[in-house]
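Under this note's numbering, residue 410 is the last one in the sequence shown; the count climbs by one each step, no gaps.
Glycine included, C-beta positions come from ideal geometry on N, C-alpha and C.
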Amino acid sequence: MILAFTEHVDGAPTALALEALTMAHRLAEEMDTPLESLVVGPAGATAAGILASYGVTTLHVADDPRLDVYAPAAWGQTLVELVEESAPALVIGTASDRGSEVMAHAAARLRLALAANCIEITPGDPLLVTRQRWGGSLLEEARLKGEVKLITIAPHALTAEPLAARTDVTTRTWKPVLPEKDFRVRLRPEVQADTGKVSLAQARVVVGGGRGVGSSAGFVSLEELAGYLGGAVGCSRAVTSLGWRPHSDQVGQTGTRIAPELYIACGISGAIQHMVGCRAAKHILAINTDANAPIVAQADYAVIGDVQKVLAAVNAEVRKVKALPVG
């Protein structure tokens, strides 16, 4: 059996969780074994409807009121208890911040190896994996041994693909035995700011700005273009270090990893840490004064010129096409 640790928000699996489930189902078919899923918290029971489209046959719901709040050790122990009870051949999670933390806790307590940030998996014993190292600048081929093999899937390593035929999902609810000490570290309730803007992680178009934008005021033209295209504005680490934009806008290894249809990189040099965050973009358009900037070599299209002059012309053309008023 393959067990997928499925992250969710109020019962809706996250986009990265669906990617991991897609990989898990492929492996389950190749290994001719069932695919089961673990969700933490009673709200996760409503995920059954979506999981039926990803080949899941059994949904394990960890039902404990204390698990409604994220507690890394408690969530990790919940996974440990299920693994010890069901003895899956393989456990797959997401390489998100939360998924990586929970899987690491479980690996430590089970005394098992964890292969993180995998992009390819070949069944066998040992299991063959290809995983991203050093922020995605290096691909490592490794053999994973152990009675139970633990793996996290790198963000955007593949596209989530629901199945044409839905499975009948059996939901099993149980209360794991969790000591109070596992709740010493907990996430305080989160309050999401209602900005009315498109989420950077979910946007189909992202307009990113780097030091070459010139100043915080220079992002006005990027905001304008993103608004016309129904997209979001991102930035490089240099910009957040200068205080021009908040860290929540940062694209990169230490920021948000994006996978838009189009990434418009304005005045961004293209350091490897930044490229890790945008490498999953379907198309990249670079606007830069330096024709030799690393991002120009990585881009599908490039415009060599001053960012503000180029964007002024682009925004004017978009307004003309859309018959929009100036300003």
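field: For GLN215, the residue or residues it bridges with in DSSP
entry: Answer is LEU222, bridged to GLN215.
8 Å Cβ cutoff, ALA98 in contact with chain C: Looking at the structure shown, chain C is missing, and only one protein chain is on hand.
- request: Work out the CA separation of LEU118 and ALA107 for me, nearest whole Å.
  value: Straight through space, the alpha carbons of LEU118 and ALA107 are spaced by roughly 7 Å.
query: In this structure, what does DSSP give as the bridge partners for HIS366?
result: In DSSP, HIS366 forms a bridge with LEU345.
message: Rounded to whole angstroms, what is the Cα-Cα separation between GLY297 and PRO377?
response: When rounded, the distance between both Cα atoms is 19 Å.
message: Quick check on GLN285: buried or exposed, where buried means 16 or more other Cβ atoms within 10 Å of its Cβ?
response: Exposed: under 16 other Cβ atoms inside 10 Å.
message: Quick check on the burial criterion: 16 or more other C-beta atoms within 10 angstroms. Buried or exposed for ASN371?
response: ASN371 is buried by the Cβ-count criterion.
message: Mapping the DSSP letters down to three states, classify VAL290 as helix, strand or coil.
response: If DSSP states are grouped into helix, strand and coil, VAL290 belongs with the strands.
task: Ignore the nearest five residues each way along the sequence and tell me which others in LEU325's own chain have a CB closer than 6 Å to its CB.
output: Around LEU325: no qualifying Cβ.
- request: Grab me the residues of ALA126's own chain with a C-beta within less than 6 Å of its C-beta, minus the 5 sequence neighbours each way, in chain order.
  value: Contacts found: ASP93 and GLY94.
Among ALA396, ALA321, VAL390 and LEU165, nearest to LEU261 - alpha-carbon criterion: Checked all of ALA396, ALA321, VAL390 and LEU165; the closest Cα to LEU261 is LEU165.
Through-space distance from LYS392 to TRP217, alpha-carbon basis: Cα to Cα, TRP217 sits roughly 36 Å from LYS392.
field: Euclidean distance between Cα positions of GLU102 and THR337
entry: Between the C-alpha atoms of GLU102 and THR337 there is a straight-line separation of about 21 Å.
field: Within 8 Å, strictly: CB atoms of VAL122 and THR161
entry: No. Outside cutoff.
- prompt: Going by beta carbon distance, what residues of the same chain come within less than 6 Å of ALA382, once the five residues before and after it are set aside?
  reply: The residues are ILE367 and ALA369.
field: In DSSP terms, what PHE88 is bridged to
entry: Answer by DSSP bridge pairing, in chain order: LEU121.
- request: List the whole-angstrom C-beta distance separating ILE351 from GLY291, where the pair is believed to meet the contact cut-off of C-beta under 8 Å.
  value: Going by Cβ atoms, the distance from ILE351 to GLY291 rounds to 6 Å, so yes, they are a contact pair.
query: Going straight from the alpha carbon of ASP208 to that of VAL144, what length do you get?
result: Each residue's Cα considered, the two are about 30 Å apart.
message: Relative to the C-alpha of ARG328, which candidate in CYS318, LEU134 and THR254 has its C-alpha closest?
response: Ranking the options by Cα distance to ARG328, first place goes to CYS318.
- prompt: Given 8 Å as the limit, is there contact between the segment 251-268 and the segment 192-202, that is, 3 or more CB pairs closer than that?
  reply: Too few Cβ pairs lie closer than 8 Å, so no.
GLU203 - DSSP class collapsed to helix/strand/coil: Three-state DSSP puts GLU203 in a strand.
query: Are the segment 177-189 and the segment 222-239 in contact at 8 Å, needing three or more beta carbon pairs?
result: Contact between the segment 177-189 and the segment 222-239 is present, because at least three Cβ pairs lie under 8 Å.
- prompt: Contact check, ALA156 vs VAL268 under 8 Å by CB: the rounded distance?
  reply: Right, the Cβ-Cβ distance comes to about 6 Å (below 8 Å), so this counts as a contact.
query: Are ALA309 and ALA315 closer than 8 Å when you measure CB to CB?
result: Yes, the Cβ-Cβ distance between ALA309 and ALA315 is below 8 Å.
query: Rounded C-beta distance between ASP332 and LEU394? I'm assuming under 8 Å.
result: Beta-carbon to beta-carbon, ASP332 and LEU394 are separated by about 17 Å, too far to satisfy the 8 Å threshold.
query: Where are the alpha helix (DSSP H) runs, 4 residues long or more, that stay fully inside the segment 122-167, in chain order?
result: Counting whole runs of 4 or more residues, the segment 122-167 contains the alpha helix (DSSP H) stretches 131-134.
Top-ranked residue by Cα proximity to ASN398, from GLY335, GLU344 and VAL303: For the residues GLY335, GLU344 and VAL303, the minimum Cα distance to ASN398 belongs to VAL303.
- prompt: What is the DSSP secondary structure of GLN381, reduced to helix, strand or coil?
  reply: Looking at GLN381 - three-state DSSP - the assignment turns out to be helix.
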